[in-house]
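J.:
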Amino acid sequence: MLYEDDRPLRLGSRAIDILHMLLERAGETVTKDQLIARAWPNTVVEEGNLRVHVAALRKTLGERHIENVVGRGYCFITPVVRRAAETPAASAGADGGGAANLVYLPQSDGLPPCATRIFGREQTVAALQRQLSERRFVTIVGTGGMGKTTAALAAAERMQTHWRQGTVFVDLASLTRADQVPQALAAALVMEHPAAKSMAAIVAALQGHHLLLILDSCEHVLEAVSMLAEQVLHGAPGVRLLATSREPLRAEGEWVHRLPALELPPEPEPDAPPLTMAQAMVYPSVQLFAERVQASAAGLALGDAEAPQIADICRRLDGIPLAIELAAARVELLGMRGLMARLDDCCYLLKGGRRTAKVRHRTLEATLDWSYALLGEGERNMLHRLSVFRRRFSLEEALSMGADGREGLEEAMDALSSLVSKSMLATVADTGAARYRMLETTRSYAASKLAESGEHDTVLAHYVALRGPEL
């Protein structure tokens, strides 16, 4: 229904459908084909039918609201405020604020723009779509720089039509205290006086809404976001949650989706012919590297001679998208061989990120600093000591390196479990006993911390006694 003040206005269903679409994309040009598909689904109609209904809308609303974009379509040019009808819960509000507790959704589709193409995430995005269709709360978990936010945005963009009121993106990365979480959510929902909003008031205002909330970068405010998630799930049945974090939230109803690295070219067989560029470009990690090289060093040719080196670089960077992007940006300065020679010091080398990126993503070192700051002392000590393993290692070896005597076994087990949960260690698919590995980028960072700790020689001596020098 369309109302002017309290008076309902008479409009046909086709005109209402057209108006809905123009309002959903207010300020944007909506093509004639898109409007026809919305108002006459699965039906072939003449463009003149659309003009008739747009004319009816203009007669009812006034000429100034809908602009004709010549040769393309129409645009609703008047500012639009979206809000839910006031229910008793929304009217009273947990804070007694009445209309102040209404949710005014963002004017746009609620998603920040994605600046780069997405490589190798088709299956991931499809899986997230399935999971969000079946479950109300999904958390994408992975190490820093793995592309969790990118995957979340891609899945949400493809599912925009699943929720009547679209998607709202809540960036939690800049928060410094847990009590700022409700304020960040209220601001993203465009509520009045967001700093004064309690979580109960926000949940009450969300009753009756049908939308997706993306909670991005939760790892440093886990407890507060877990409480938020559970309250939303119980109090706002039309809202679904998609979170990104370096570790699970462990909240009621959470479904964890571990984000893998980009697919890598396999290690070369001893007698196999060299990898060609065409063969290497089958793998998303190489595709990403090649595109970023071209973006930063336009005109630099990448051919069959460079293919084995590129494949090796991607493998040594563990298929982490951020690490690959940063490495590719150094090719113009160092050349391919120079980059290969300097990869042992990953953190020093991969410092030059995009100025417009979030602070924790501008360099690989900043990304690892962010994760490291969230570790407790026992977790840090375990991480330092495990950096001596250049390849996979067993549970027994990890505990031997991390425990300070038999009495420290339980603490070492807790620290090991926490590092896996926080994506600082990866489990290895293997038969029999559990095995682990540290991503090379993380291992390089942890090794530098071990050198600063003052126990490097002691840890290395223990390692040699345990396993012998690893070549």
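In case it helps, full-length UniProt numbering puts the sequence shown at residues 1 to 471. We treat Cβ as the ideally placed atom computed from N, Cα and C, and that holds for glycine.
1) Given a cut-off of 7 Å, decide if tyrosine 463 and valine 388 are closer than it, judged by their beta-carbon atoms.
2) Are glutamate 306 and methionine 336 touching if we call contact CB-CB under 7 Å?
3) So, for arginine 177: in the same chain, excluding its five sequence neighbours on each side, which residues have a beta-carbon less than 6 Å away from its beta-carbon?
4) I think alanine 251 touches glutamate 219, with their Cβ atoms under 8 Å apart; what is that distance to the nearest whole Å?
5) Ignoring anything shorter than 4 residues, give me the alpha helix (DSSP H) runs that lie fully in the segment 180 to 264, in order along the chain.
6) Please tell me whether histidine 210 and glycine 166 are closer than 7 Å, where the distance is taken between their beta carbons.
7) If glycine 144 sits next to serine 417, beta carbons under 8 Å apart, how far is it from one beta carbon to the other, in whole angstroms?
8) Go ahead and pull the three-state DSSP assignment for asparagine 42.
9) I want to know whether the segment 179 to 197 touches the segment 124 to 139 - three or more CB-CB distances under 8 Å.
10) Whose C-alpha, out of Val293, Leu288, Arg391, Asp414, is nearest the C-alpha of isoleucine 118?
11) According to the neighbour-count rule (16 or more other Cβ atoms, all chains shown, within 10 Å of its Cβ), is leucine 11 buried or exposed?
12) List the endpoints of the continuous beta strand (DSSP E) containing valine 282.
13) Sorted by chain position, which residues of the same chain lie with C-beta nearer than 8 Å to valine 331's C-beta, five sequence neighbours on each side aside?
14) What separation, rounded to the nearest whole angstrom, lies between the Cα atoms of lysine 59 and histidine 20?
15) Where alanine 151 and valine 52 are concerned, what is the direct C-alpha to C-alpha distance, given to the nearest angstrom?
16) Arginine 14 to leucine 419, Cα distance in whole Å?
17) Helix, strand or coil, according to DSSP, for serine 394 in the structure here?
18) Identify which residue in Pro284, Thr441, Gln123, Lys422 has its Cα closest to the Cα of alanine 373.
19) With a threshold of 6 Å (Cβ to nearest heavy atom), would arginine 380 be considered close to the ligand NAP?
20) Using 8 Å as the cut-off, can you tell me whether the segment 65 to 73 makes contact with the segment 24 to 39, which would need three or more C-beta pairs spanning the two stretches below that distance?
21) Could you check if alanine 447 is buried or exposed, using at least 16 other CB atoms within 10 Å of its CB as the buried criterion?
22) Counting pairs of Cβ atoms below 8 Å between the segment 399 to 413 and the segment 448 to 457, do you hit three or more?
23) Quick check on the DSSP output: the alpha helix (DSSP H) that includes threonine 442 runs from which residue to which?
24) When you compare the segment 156 to 163 with the segment 257 to 269, are there three or more beta-carbon pairs, one atom per stretch, that lie closer than 8 Å?
25) Would you kindly work out how many angstroms separate the C-alpha atoms of aspartate 5 and tryptophan 163, rounded to a whole number?
26) Per DSSP, which one or two residues make a beta bridge with arginine 435?
27) Looking at the strands, I want to know which residues DSSP matches up with glycine 73.
28) When the distance is taken between beta carbons, is leucine 386 closer than 7 Å to alanine 323?
29) What is the rounded straight-line gap between the Cα of glutamine 279 and the Cα of methionine 146?
30) Identify whether glutamate 24 lies in helix, strand or coil by the three-state DSSP scheme.
31) Between which two residues does the alpha helix (DSSP H) holding phenylalanine 377 run?
32) Less than 7 Å between the C-beta atoms of leucine 425 and methionine 438, yes or no?
33) With DSSP as the reference, label phenylalanine 169 as helix, strand or coil.
34) Please state whether DSSP places isoleucine 36 in a helix, a strand or coil.
35) First and last residue of the beta strand (DSSP E) that includes glutamate 267?
36) Count the other CB atoms, across all protein chains shown, that sit within 10 Å of the CB of tyrosine 436; report buried if there are 16 or more and exposed otherwise.
T.: Quick look at the numbers:
1) Numbered from 1 along the sequence shown, position 388 holds the residue referred to as residue 388. Numbered from 1 along the sequence shown, position 463 holds the residue referred to as residue 463. The Cβ atoms of valine 388 and tyrosine 463 lie closer than 7 Å to each other.
2) In the sequence shown, counting from the first residue as 1, residue 306 sits at position 306. In the sequence shown, counting from the first residue as 1, residue 336 sits at position 336. For glutamate 306 and methionine 336, yes; Cβs fall inside 7 Å.
3) Residue numbering aside, residue 177 sits at position 177 when the sequence shown is read from its first letter. Cβ within range, chain order: n/a, list empty.
4) Position 251 of the sequence shown, counting from 1, holds the residue named residue 251. Position 219 of the sequence shown, counting from 1, holds the residue named residue 219. Actually they are not in contact, since the Cβ atoms of alanine 251 and glutamate 219 sit about 13 Å apart, beyond 8 Å.
5) 181 to 188, 199 to 206, 222 to 235
6) The residue labelled residue 210 in the question sits at position 210 within the sequence shown. The residue labelled residue 166 in the question sits at position 166 within the sequence shown. The answer is no: Cβ separation not under 7 Å.
7) In the sequence shown, residue 144 corresponds to position 144, counting from 1. In the sequence shown, residue 417 corresponds to position 417, counting from 1. Not really, about 19 Å apart at Cβ, beyond 8 Å.
8) In the sequence shown, the residue the question calls residue 42 occupies position 42. Asparagine 42 falls in the coil class under three-state DSSP.
9) With a cut-off of 8 Å, the segment 124 to 139 and the segment 179 to 197 do not count as touching, because too few Cβ pairs lie within range.
10) In the sequence shown, counting from the first residue as 1, residue 118 sits at position 118. For isoleucine 118, the nearest C-alpha among the options comes from Leu288.
11) Indexing the sequence shown from 1 puts residue 11 at position 11. With 16 or more other Cβ atoms within 10 Å, it is buried.
12) As a position in the sequence shown, residue 282 is number 282, starting the count at 1. No beta strand (DSSP E) holds valine 282; DSSP gives it neither H nor E.
13) Taking the sequence shown and counting its residues from 1, the one referred to as residue 331 is at position 331. So the list reads Val293, Ser296, Ala297, Leu300, Leu339, once near-sequence residues are dropped.
14) Numbered from 1 along the sequence shown, position 59 holds the residue referred to as residue 59. Numbered from 1 along the sequence shown, position 20 holds the residue referred to as residue 20. So the alpha carbons of these two residues sit roughly 16 Å apart.
15) Residue numbering aside, residue 151 sits at position 151 when the sequence shown is read from its first letter. Residue numbering aside, residue 52 sits at position 52 when the sequence shown is read from its first letter. Looking at the backbone, the Cα of alanine 151 and that of valine 52 are separated by about 42 Å.
16) Along the sequence shown, one-based indexing puts residue 14 at 14. Along the sequence shown, one-based indexing puts residue 419 at 419. Using only the alpha carbons, I get a separation of about 56 Å.
17) In the sequence shown, the residue the question calls residue 394 occupies position 394. In this structure, serine 394 counts as strand in the three-state DSSP scheme.
18) Position 373 of the sequence shown, counted from the first residue, corresponds to residue 373. Nearest C-alpha to alanine 373: Lys422.
19) This structure does not include the ligand NAP; it has no bound ligands of any sort.
20) Touching, yes, given that three or more Cβ pairs across the two stretches are closer than 8 Å.
21) As a position in the sequence shown, residue 447 is number 447, starting the count at 1. Label assigned to alanine 447: buried.
22) Output reads no: the segment 448 to 457 does not touch the segment 399 to 413.
23) Position 442 of the sequence shown, counting from 1, holds the residue named residue 442. From DSSP, the alpha helix (DSSP H) with threonine 442 extends over 440 to 453.
24) Contact fails: fewer than three Cβ-Cβ distances are below 8 Å.
25) As a working note, residue 5 is residue 5 in the sequence shown. As a working note, residue 163 is residue 163 in the sequence shown. C-alpha separation (whole angstroms): 27 Å.
26) What you label residue 435 is simply residue 435 of the sequence shown in a count that begins at 1. Note: arginine 435 is bridge-paired with Ser394, Val428 in the DSSP secondary-structure output.
27) Here residue 73 refers to the residue found at position 73 when the sequence shown is read from its first residue. Answer is Thr31, Val69.
28) Here residue 323 refers to the residue found at position 323 when the sequence shown is read from its first residue. Here residue 386 refers to the residue found at position 386 when the sequence shown is read from its first residue. Going by C-beta atoms, alanine 323 is not nearer than 7 Å to leucine 386.
29) As a working mapping, residue 279 is identified with position 279 in the sequence shown. As a working mapping, residue 146 is identified with position 146 in the sequence shown. Distance between the alpha carbons of glutamine 279 and methionine 146: 24 Å.
30) Taking the sequence shown and counting its residues from 1, one reaches residue 24 at position 24. It is helical.
31) The sequence position of residue 377 within the sequence shown is 377, counting from 1. One point to set straight first is that residue 377 is glutamate, not phenylalanine, in the sequence displayed. Run containing glutamate 377: 377 to 386, per the alpha helix (DSSP H) assignment.
32) Counting from 1 along the sequence shown, the entry for residue 425 is found at position 425. Counting from 1 along the sequence shown, the entry for residue 438 is found at position 438. The answer is yes: Cβ separation under 7 Å.
33) Working through the sequence shown from its first residue, we reach residue 169 at position 169. Reduced to three states, the DSSP call for phenylalanine 169 is strand.
34) Stepping through the sequence shown from its first residue, residue 36 is reached at position 36. Helix, per DSSP.
35) Taking the first residue of the sequence shown as 1, we reach residue 267 at position 267. Careful: glutamate 267 lies outside any beta strand (DSSP E) and carries neither H nor E.
36) One-based indexing of the sequence shown puts residue 436 at position 436. The residue in question, tyrosine 436, is buried, as its Cβ has 16 or more Cβ neighbours within 10 Å.
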